[in-house]
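To convert, note that position 7 of the sequence shown is 19 in my numbering; the numbers rise steadily by one, no gaps. Positions of the beta carbon are idealized from the N, C-alpha and C atoms, including for glycine. Reading through the structure tokens given below for one structure.
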Amino acid sequence: MDFQFLKYLKFIMLVFMLTVVTSVFRIVAAADDLMADDDITPVDNSTVKVDVAEPSANLVAPQQTLDVNAMVNKANLDEKRARLRDQLKRDRADSKRARSIRRNLELDKDGLSAEEQALKQKLEYMRGQNNQNQKSTDSAKKFSQWVNDNMMLNKDKKNDDSPPSSDDLLK
13 MDFQFLKYLK FIMLVFMLTV VTSVFRIVAA ADDLMADDDI TPVDNSTVKV
63 DVAEPSANLV APQQTLDVNA MVNKANLDEK RARLRDQLKR DRADSKRARS
113 IRRNLELDKD GLSAEEQALK QKLEYMRGQN NQNQKSTDSA KKFSQWVNDN
163 MMLNKDKKND DSPPSSDDLL K
């Protein structure tokens with residue numbers, strides 16, 4: 013093997029190892045930050061114990077004590093979890109709403125994509141042109157029929173031995 017290639021390979025391995033190590037440190041730091049967020053500082057530095065034993069309980073049984081700081085910590089954690097659950101619900105709803113809006117923008121009310129909409133508009137335009145041509149043809153036929161009928165009336169009048177009109181004299 014070429015010596016330069018080995019040096020290059022060594023350099024690549026060194027860069028790769030450095031990136032792996034830095035990413036591990038970043039992950040550990042992120043985990044420490046997350047754990048630090050979950051740590052809730054107690055109200056005061058001393059632990060308060062509350063006696064929850066019933067006064068009529070057997071004195072032989074050991075008395076139960078509750079740690080008030082632990083109860084406060086649990087309540088704070090429950091509150092934080094509830095806020096996170098609510099935020100997750102809002103995020104999911106926002107995501108669904110955004111996806112729905114995006115899909116509605118992509119699709120026509122008929123469920124067509126932009127290309128299909130353009131093709132549909134082109135077809136409708138062609139149909140409209142055909143209808144317009146048909147209407148024009150129909151109106152031209154009616155006008156032609158009217159002219160022919162009117163001319164026939166004029167010819168019939170001419171055959172009645174009427175005096176020639178100015179139009180007839182110009183011809």
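Straight-line gap, residue i to residue j (C-alpha atoms, nearest Å)
i	j	result
I94	R38	At residue 94 the sequence reads Ala, which differs from the Ile that was named. Distance between the alpha carbons of A94 and R38 is about 28 Å.
E118	S125	6 Å
R104	S112	12 Å
E144	R114	Here residue 144 is Gln; the residue named in the question, Glu, does not match the sequence. Using only the alpha carbons, I get a separation of about 37 Å.
Q99	A42	21 Å
T31	V40	14 Å
E136	K101	45 Å
V27	S107	39 Å
D179	Q141	40 Å
S177	Q146	38 Å
Chain-order list of residues whose beta-carbon lies under 7 Å from that of residue i (same chain, five-residue window excluded)
i	result
T149	none
For residue i, the three-state DSSP class (helix, strand or coil)
i	result
D179	helix
D161	helix
V36	helix
D79	strand
D44	helix
S125	coil
D98	helix
D150	helix
D90	helix
L30	helix
D14	coil
CB contact below 8 Å: residue i versus chain B
i	result
S151	In summary, chain B is missing from the structure at hand, where a single protein chain is found.
Own chain partners of residue i with C-beta closer than 8 Å, once the 5 adjacent residues on each side are dropped
i	result
K22	none
V33	none
K153	none
Burial state of residue i (16 or more Cβ within 10 Å)
i	result
Y20	exposed
Distance cut-off 7 Å: residue i Cβ against heavy atoms of the ligand FMN
i	result
G140	With respect to the ligand FMN, the structure shown offers nothing to examine, as it has no ligands at all.
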